[in-house]
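J.: Numbering (our numbering) for the sequence shown: 11 to 215. Ideal Cβ placement from N, Cα and C applies to all residues, glycine included. Here it is, the structure, as structure tokens.
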Amino acid sequence: MKKILLVTTLAAAGLCTRSQALQVDSFDNLSNLAWTDQQGQMSVDTAVKVEGTGSMRVDFPTAAGAGGAWWDDWTTSKDFNANWSSFSSLSLWTKVSDLAGTERIDQITIWDIPGHATRYNLTQPTTTAWTQFNIPLSSFIADNVAVDFTQVKALQIKFTTWDTAVTGSSSVWLDNMQLNTVPEPSAFALLGVGLTALLKFRKKQ
Ligand SMILES: [Ca+2]
11 MKKILLVTTL
21 AAAGLCTRSQ
31 ALQVDSFDNL
41 SNLAWTDQQG
51 QMSVDTAVKV
61 EGTGSMRVDF
71 PTAAGAGGAW
81 WDDWTTSKDF
91 NANWSSFSSL
101 SLWTKVSDLA
111 GTERIDQITI
121 WDIPGHATRY
131 NLTQPTTTAW
141 TQFNIPLSSF
151 IADNVAVDFT
161 QVKALQIKFT
171 TWDTAVTGSS
181 SVWLDNMQLN
191 TVPEPSAFAL
201 LGVGLTALLK
211 FRKKQ
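Right, dumping it as structure tokens:
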């Protein structure tokens, strides 16, 4: 009886944590990127990656100076589904070459078709290892009017901090950006909970 209970509970737990993801960009190539305000040097790194055949790498030259900002943009005509309303979070992997400077992914901005912006500021990294951020879409803060997630137009990523000097000779990597759904209990998971309750009831009898 205990074995049945354990198997049922494990099956329910496994199904409860299942979620779906839609890849926004693999960064195996840079064809989906429209790179503006470019001062860093962007390339595909086929050696340092967490997914597929490569990651996006941005190298910051010493001469970049202060006040620089680096952006790359997607548009709905290129890569991702404009309707994000069924997704709950945006995840990405990032890595920095060192912790001495401020070079990193600093801010992500989502724009809708009417032109409203909502932003999320990432925290300063504490490790040079690959780190995954999984950002709830509800954690993005709108500039003024709330963004309509049924008609997302563009995604912008700002590298390094605004109005802060670039220390130079640093690199930032970005890989495997995905949209994720909220894990929801499936019918099998609910069945598992029901069976568990039934087993407990029988045990009491
Ligand atoms: Ca990749």
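According to DSSP, is S53 helix, strand or coil?
T.: Stepping through the sequence shown from its first residue, residue 53 is reached at position 43. Strand, per DSSP.
J.: For A6, which option in N131, Q51, R67 has the closest C-alpha, if you only look at C-alpha atoms?
T.: Shown here, the chain extends from 11 to 215; a query on residue 6 therefore has no answer.
J.: Please state the DSSP three-state secondary structure of L100.
T.: Counting from 1 along the sequence shown, the entry for residue 100 is found at position 90. Strand at L100.
J.: With three or more C-beta pairs closer than 8 Å as the rule, is the region 156 to 163 touching the region 106 to 116?
T.: The region 106 to 116 is not in contact with the region 156 to 163.
J.: Closer than 6 Å by C-beta to D185: which residues in its own chain qualify, once you throw out the five before and the five after it? Chain order, please.
T.: Within the sequence shown, the letter at position 175 stands for residue 185. If we look at D185 and ignore the five residues flanking it on each side, its Cβ neighbours are F37, K59, V60, E61, S65, W103.
J.: Could you tell me how far apart the beta carbons of I120 and T128 are, in whole angstroms, since I believe they sit closer than 8 Å?
T.: To locate residue 120, count along the sequence shown from 1; it is residue 110. To locate residue 128, count along the sequence shown from 1; it is residue 118. Between the beta-carbon of I120 and that of T128 there is about 5 Å, and that keeps the pair under the 8 Å contact cut.
J.: Looking at chain C, is there any beta carbon in it that lies within less than 8 Å of the beta carbon of T133?
T.: As a matter of chain content, chain C is missing from the structure shown, which is built from one protein chain.
J.: Could you pull the start and end residues of the beta strand (DSSP E) that L43 belongs to?
T.: For this step, residue 43 is matched to residue 33 along the sequence shown. Looking at the DSSP string, L43 is not in any beta strand (DSSP E), and its letter there is neither H nor E.
J.: With a Cβ-Cβ cutoff of 8 Å, do A92 and K163 count as a contact?
T.: Counting from one through the sequence shown, the residue named residue 92 turns up at place 82. Counting from one through the sequence shown, the residue named residue 163 turns up at place 153. Yes, Cβ-Cβ distance for A92 and K163 is below 8 Å.
J.: How many Å lie between P135 and P124 at the Cα?
T.: The residue you call residue 135 lines up with position 125 of the sequence shown. The residue you call residue 124 lines up with position 114 of the sequence shown. Each residue's Cα considered, the two are about 33 Å apart.
J.: What are the boundary residues of the beta strand (DSSP E) that W121 is part of?
T.: Here residue 121 refers to the residue found at position 111 when the sequence shown is read from its first residue. 115 to 122 is the span of the beta strand (DSSP E), which, as asked, contains W121.
J.: Where does S149 sit, in a helix, a strand or coil, going by DSSP?
T.: As a first step, residue 149 must be located in the sequence shown, where it is residue number 139. Three-state result, S149: helix.
J.: Taking DSSP as the reference, what is the three-state secondary structure of Q161?
T.: In the sequence shown, counting from the first residue as 1, residue 161 sits at position 151. Here Q161 sits in coil by DSSP.
J.: Exposed or buried, F70, counting other C-beta atoms within 10 Å across all chains shown (16 or more means buried)?
T.: Translated into the one-based positions of the sequence shown, residue 70 becomes position 60. Its Cβ being crowded by 16 or more others within 10 Å, F70 is buried.
J.: Consult DSSP for N93 and reduce its assignment to one of helix, strand or coil.
T.: In the sequence shown, the residue the question calls residue 93 occupies position 83. Three-state result, N93: coil.
J.: Note the first and the last residue of the continuous beta strand (DSSP E) segment covering S36.
T.: As a first step, residue 36 is located in the sequence shown; it is residue number 26 there, counting from the start. Counting along the chain, S36 falls outside any beta strand (DSSP E), and DSSP gives it neither H nor E.
J.: For S98 versus T191, is the C-beta spacing smaller than 8 Å?
T.: The sequence position of residue 98 within the sequence shown is 88, counting from 1. The sequence position of residue 191 within the sequence shown is 181, counting from 1. Going by C-beta atoms, S98 is nearer than 8 Å to T191.
J.: Whole angstroms are fine: how far does the CA of D122 sit from the CA of S149?
T.: Walking along the sequence shown from the start, residue 149 turns up at place 139. Walking along the sequence shown from the start, residue 122 turns up at place 112. If you take the alpha carbons of S149 and D122, they lie about 16 Å apart.
J.: Starting from the C-beta of H126, find all residues in its chain whose C-beta is less than 8 Å away, skip the five residues before and the five after it, and write them out in chain order.
T.: Along the sequence shown, one-based indexing puts residue 126 at 116. Result list for H126: A152, D153, N154, V155, A156, V157, D158, in chain order.
J.: Could you please go through the chain and list the residues whose beta-carbon is closer than 6 Å to any non-hydrogen atom of ligand 1?
T.: S36, F37, D38, K59, E61, G62, G64, S65, D185, N186
J.: Please identify the residue among L32, G50, S107 whose C-alpha is closest to the C-alpha of M141.
T.: Locating residue 141 in the sequence shown gives position 131, where the first residue counts as 1. Correcting the residue type first, residue 141 is Thr in the shown sequence and not Met. The option with the nearest alpha carbon to T141 is S107.
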